[in-house]
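Scroll down for the structure; my scribbles are underneath it.
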Amino acid sequence: MIAGIFFKSTKSLNLSQCMKVLVSQNRSYTNKLNEQQLAIQELARDYANTYLKPRASKLDLEGRFPFDEIKHITNLGLMGACVDEEYGGLGRDYLSLAVAVEELSRGCASTGMVVSIHNFLYANLVNEKGTPEQKERFLGDYTKGAIGCFALSEPDAGSDVANIKTTARRDGDYWILNGKKSWVSSAIEGSAAAVFATFDPELKHKGLACFLVPLDAEGVFRGKKEHLMAVAVVCARAVTACDLQLDDVRVPAACALGPAGAGFRLAMEQLDQGRIGIAAHAVGIAQAALDTAINYAKERVAFNKNLTRLPSVKDRLTDMCILVETARLLTYRAATDVSTKNSSMAKYVAGRNATAVADHCVQILGGRGLSVKYDAERHYRDARGTQIYGGVTDIQKRLVGHYLLKEYDAL
Ligand SMILES: Cc1cc2nc3c(=O)[nH]c(=O)nc-3n(C[C@H](O)[C@H](O)[C@H](O)COP(=O)(O)OP(=O)(O)OC[C@H]3O[C@@H](n4cnc5c(N)ncnc54)[C@H](O)[C@@H]3O)c2cc1C
Numbered sequence: 077m078i079a080g081i082f083f084k085s086t087k088s089l090n091l092s093q094c095m096k097v098l099v100s101q102n103r104s105y106t107n108k109l110n111e112q113q114l115a116i117q118e119l120a121r122d123y124a125n126t127y128l129k130p131r132a133s134k135l136d137l138e139g140r141f142p143f144d145e146i147k148h149i150t151n152l153g154l155m156g157a158c159v160d161e162e163y164g165g166l167g168r169d170y171l172s173l174a175v176a177v178e179e180l181s182r183g184c185a186s187t188g189m190v191v192s193i194h195n196f197l198y199a200n201l202v203n204e205k206g207t208p209e210q211k212e213r214f215l216g217d218y219t220k221g222a223i224g225c226f227a228l229s230e231p232d233a234g235s236d237v238a239n240i241k242t243t244a245r246r247d248g249d250y251w252i253l254n255g256k257k258s259w260v261s262s263a264i265e266g267s268a269a270a271v272f273a274t275f276d277p278e279l280k281h282k283g284l285a286c287f288l289v290p291l292d293a294e295g296v297f298r299g300k301k302e303h304l305m306a307v308a309v310v311c312a313r314a315v316t317a318c319d320l321q322l323d324d325v326r327v328p329a330a331c332a333l334g335p336a337g338a339g340f341r342l343a344m345e346q347l348d349q350g351r352i353g354i355a356a357h358a359v360g361i362a363q364a365a366l367d368t369a370i371n372y373a374k375e376r377v378a379f380n381k382n383l384t385r386l387p388s389v390k391d392r393l394t395d396m397c398i399l400v401e402t403a404r405l406l407t408y409r410a411a412t413d414v415s416t417k418n419s420s421m422a423k424y425v426a427g428r429n430a431t432a433v434a435d436h437c438v439q440i441l442g443g444r445g446l447s448v449k450y451d452a453e454r455h456y457r458d459a460r461g462t463q464i465y466g467g468v469t470d471i472q473k474r475l476v477g478h479y480l481l482k483e484y485d486a487l
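Residue numbers are given in my numbering: position 113 of the sequence shown equals residue 189, and the series is strictly consecutive.
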């Protein structure tokens with residue numbers, strides 16, 4: 077039934093008709109999605125339109141974590157979209173999760189970011205790399221409401237991951253963790269985190285290991301919420317990010333994820349996934365900015381015409397449409413064909429395009445574009461963050477260049 081509604085080709089339409097379809101239905105790429113992916117897209121879109129969109133501005137202004145919204149999303153199964161069914165997940169593919177994140181972010185960027193990080197950087201990691209015992213303990217509850225985090229960054233190790241200073245010292249059947257992680261999204265509300273630490277700083281990236289750490293463990297202290305420009309408690313201002321101080325935290329050896337020394341590889345592989353999530357998040361924000369701009373331009377009159385009839389506004393809207401669609405195509409491609417090059421390229425393009433689209437949106441709304449009574453300035457703040465977290469755009473470009481030259485045997 078869903079396929080019947082969505083399998084409409086846009087091939088024979090001209091650009092303005094095509095844009096109309098994109099904006100009103102956002103179904104340009106959906107003829108490439110299978111029935112399961114379409115169903116999850118519809119589910120997330122319906123929830124986003126009905127519940128998230130009307131609440132997004134308030135959540136952002138109050139910097140309030142979207143507790144109720146995440147509870148609903150948990151009930152929809154989307155806090156374990158790719159997790160195996162035996163651990164309470166939906167067992168779907170990355171593209172299903174990406175379209176869900178896109179739709180939720182279109183309704184509320186903060187909520188979309190929480191869902192993205194929990195799934196792509198925590199739940200999928202435990203689901204794919206955890207032992208059965210680890211999955212039982214660190215996954216079962218995490219599809220039912222508990223929130224997971226990814227604690228890689230530190231004050232002196234953001235882009236430079238190999239410079240991690242948090243230490244892991246073996247003590248019998250335990251590891252003892254000491255150090256400080258920074259910018260850990262959802263750590264204030266979260267129940268566990270994948271924490272990366274070094275057991276031998278001399279080994280640099282080869283000395284890293286990953287541990288699953290309950291955030292109520294003795295010696296774990298949460299810092300204060302970072303006050304950010306965008307995504308509410310963090311960058312979408314309703315998202316929360318904070319430091320995690322680890323003082324002699326005793327972690328059973330059974331909570332080490334993968335062998336000691338595999339931490340860097342685990343982090344990089346998971347970031348390949350995480351970047352698909354952030355790219356999808358950016359596409360949702362960009363789509364929301366395009367929606368906002370068109371809806372405003374349709375109503376606003378200047379020089380006795382609706383703004384949509386002014387060539388410069390039409391031109392901006394057309395640019396926005398193209399930016400959204402190119403980012404979406406790269407993101408969906410990265411979700412179906414996962415590689416560092418594809419996910420870095422998707423994140424690079426989606427983050428930059430979302431920022432450009434949101435900038436156009438602010439411009440089209442004129443003075444109102446800067447007012448908190450309208451959505452444009454929020455879209456701009458939310459979009460900007462997608463070029464920072466999950467790896468800055470400069471690093472994504474370096475990664476794409478590296479793999480490009482490798483393909484040509486030209487390194
Ligand atoms: C809202 C938010 C949420 C976050 N959530 C998490 C989270 O959940 N978990 C987590 O682990 N981290 C998280 N982070 C941290 C985030 O991933 C880092 O901020 C990011 O990787 C950049 O690191 P940095 O801030 O230390 O910047 P730096 O590494 O200091 O980089 C600063 C700038 O220097 C330049 N630069 C640095 N290195 C290079 C290079 N090799 N080549 C070219 N240019 C370079 C770039 O212009 C870059 O923008 C979050 C951050 C924010 C803002």
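Don't be surprised by glycine CBs; every beta carbon is placed ideally from N, CA and C.
Spatial distance of alanine 79 from lysine 301 (CA atoms): Here residue 79 refers to the residue found at position 3 of the sequence shown. Here residue 301 refers to the residue found at position 225 of the sequence shown. For alanine 79, the predicted structure reports a pLDDT of 31, less than 50, and the residue's modelled location is therefore unreliable. The matter cannot be settled from this model.
Ligand 1 heavy atom lying under 7 Å from the CB of leucine 333: Sequence index remark: in the sequence shown, residue 333 carries index 257 (1-based). No.
Contact test: arginine 474 Cβ vs ligand 1 heavy atom, cutoff 7 Å: By 1-based counting over the sequence shown, the position of residue 474 is 398. It does: the Cβ of arginine 474 is within 7 Å (strictly closer) of some heavy atom of ligand 1.
Distance CB(methionine 155)-CB(valine 191) smaller than 8 Å: Along the sequence shown, read from residue 1 onward, the residue named residue 155 stands at position 79. Along the sequence shown, read from residue 1 onward, the residue named residue 191 stands at position 115. Going by C-beta atoms, methionine 155 is nearer than 8 Å to valine 191.
Closer than 7 Å: aspartate 236 CB and nearest ligand 1 heavy atom: In the sequence shown, residue 236 corresponds to position 160, counting from 1. Because some heavy atom of ligand 1 lies under 7 Å away, the Cβ of aspartate 236 counts as near it: yes.
Stretch pair the segment 433–440 + the segment 360–368: three plus CB contacts closer than 8 Å: yes
Identity of the residues DSSP links to alanine 270 by a beta bridge: Mapped onto the sequence shown, residue 270 falls at position 194. Bridge partners of alanine 270: Phe226, Leu288.
C-alpha distance - methionine 189 paired with glutamate 294, whole-angstrom precision: Here residue 189 refers to the residue found at position 113 of the sequence shown. Here residue 294 refers to the residue found at position 218 of the sequence shown. Answer to the nearest angstrom: the Cα atoms are 28 Å apart.
Per-residue DSSP class, three states only, for valine 468: Stepping through the sequence shown from its first residue, residue 468 is reached at position 392. Note: valine 468 maps to coil in three-state DSSP.
For phenylalanine 297: DSSP bridge partner residues: The residue given as residue 297 occupies position 221 in the sequence shown. Phenylalanine 297 is bridged to Gln321.
Contact set for glycine 165: own chain, Cβ-Cβ below 6 Å, skip 5 residues either direction: Here residue 165 corresponds to residue number 89 of the sequence shown, with the count starting at 1. Result list for glycine 165: Gly156, Val159, Thr219, in chain order.
Environment of glycine 489 [buried if 16+ CB atoms lie within 10 Å]: The requested residue 489 is not part of the displayed model; the chain covers only 77 to 487.
The alpha helix (DSSP H) enclosing aspartate 348, as first and last residue numbers: The residue labelled residue 348 in the question sits at position 272 within the sequence shown. Per DSSP, aspartate 348 belongs to the alpha helix (DSSP H) from 339–375.
Serine 261 Cβ short of 7 Å to ligand 1 heavy atom set: For the purposes of this step, residue 261 is taken as the residue at position 185 of the sequence shown. Because some heavy atom of ligand 1 lies under 7 Å away, the Cβ of serine 261 counts as near it: yes.
Secondary structure of asparagine 380, DSSP reduced to three states: The residue given as residue 380 occupies position 304 in the sequence shown. Of the three classes helix, strand and coil, the one that applies to asparagine 380 here is coil, per DSSP.
CA nearest to the CA of lysine 257, picked from Asp247, Glu265, Asp249, Thr243: Locating residue 257 in the sequence shown gives position 181, counting from the first residue. Comparing Cα positions, the closest option is Thr243.
Length of the line joining the Cα atoms of serine 447 and glutamate 209: Locating residue 447 in the sequence shown gives position 371, counting from the first residue. Locating residue 209 in the sequence shown gives position 133, counting from the first residue. So the two alpha carbons sit approximately 51 Å from each other.
Residue environment, threonine 126, which counts as buried when at least 16 other CB atoms sit within 10 Å: Locating residue 126 in the sequence shown gives position 50, counting from the first residue. When all chains shown are included, threonine 126 counts as exposed.
Length of the line joining the Cα atoms of phenylalanine 287 and cysteine 331: Position 211 of the sequence shown, counted from the start, is the residue given in the question as residue 287. Position 255 of the sequence shown, counted from the start, is the residue given in the question as residue 331. The alpha-carbon atoms of phenylalanine 287 and cysteine 331 are separated by roughly 6 Å.
Near ligand 1: alanine 227 beta-carbon under 7 Å from a heavy atom: Counted from its first residue, the sequence shown places residue 227 at position 151. Flag set: Cβ of alanine 227 near ligand 1.
Near ligand 1: alanine 317 beta-carbon under 7 Å from a heavy atom: Here the question's residue 317 lines up with position 241 in the sequence shown. Yes - ligand 1 has a heavy atom lying nearer than 7 Å to the Cβ of alanine 317.
Short Cβ contact (8 Å threshold) for leucine 171 with phenylalanine 196: Stepping through the sequence shown from its first residue, residue 171 is reached at position 95. Stepping through the sequence shown from its first residue, residue 196 is reached at position 120. Not a contact, by the Cβ cut-off of 8 Å.
Sheet register partners of proline 328 (DSSP bridge): Here residue 328 is taken as the residue at index 252 of the sequence shown, counted from 1. DSSP output for proline 328 lists Tyr250 as bridge partner(s).
Candidates Gln321, Asp367, Val438, Arg454, of which the one nearest proline 231 by Cα: Here residue 231 refers to the residue found at position 155 when the sequence shown is read from its first residue. When only C-alpha atoms are compared, the closest one is Gln321.
Assigned secondary structure, valine 315 (DSSP; H/G/I helix, E/B strand, else coil): Sequence index remark: in the sequence shown, residue 315 carries index 239 (1-based). If DSSP states are grouped into helix, strand and coil, valine 315 belongs with coil.
6 Å CB neighbourhood of phenylalanine 297 in its chain, flanking five on each side removed: Position 221 of the sequence shown, counting from 1, holds the residue named residue 297. Hits under 6 Å: Gln321.
Distance cut-off 7 Å: valine 468 Cβ against heavy atoms of ligand 1: In the sequence shown, the residue the question calls residue 468 occupies position 392. Answer for valine 468: yes, Cβ within range of ligand 1.
Below-8 Å beta-carbon distance, glutamine 349 vs any chain B residue: Checking the listed chains, one finds no chain B in this structure; it contains a single protein chain.
Three-state class that DSSP yields for lysine 257 in the structure shown: If you number the sequence shown from 1, residue 257 lands on position 181. Strand at lysine 257.
Valine 99, buried or exposed, once every other Cβ within 10 Å from all chains shown has been counted against 16: Position 23 of the sequence shown, counting from 1, holds the residue named residue 99. At valine 99 the pLDDT is 45, less than 50, meaning the model places this residue with poor confidence; the figure from the coordinates comes in the next sentence. Its Cβ being crowded by 16 or more others within 10 Å, valine 99 is buried.
Isoleucine 532 CB to nearest heavy atom of ligand 1 below 7 Å: What the structure shows of the chain is the stretch from 77 to 487, and residue 532 is not part of that stretch, so it cannot be assessed.
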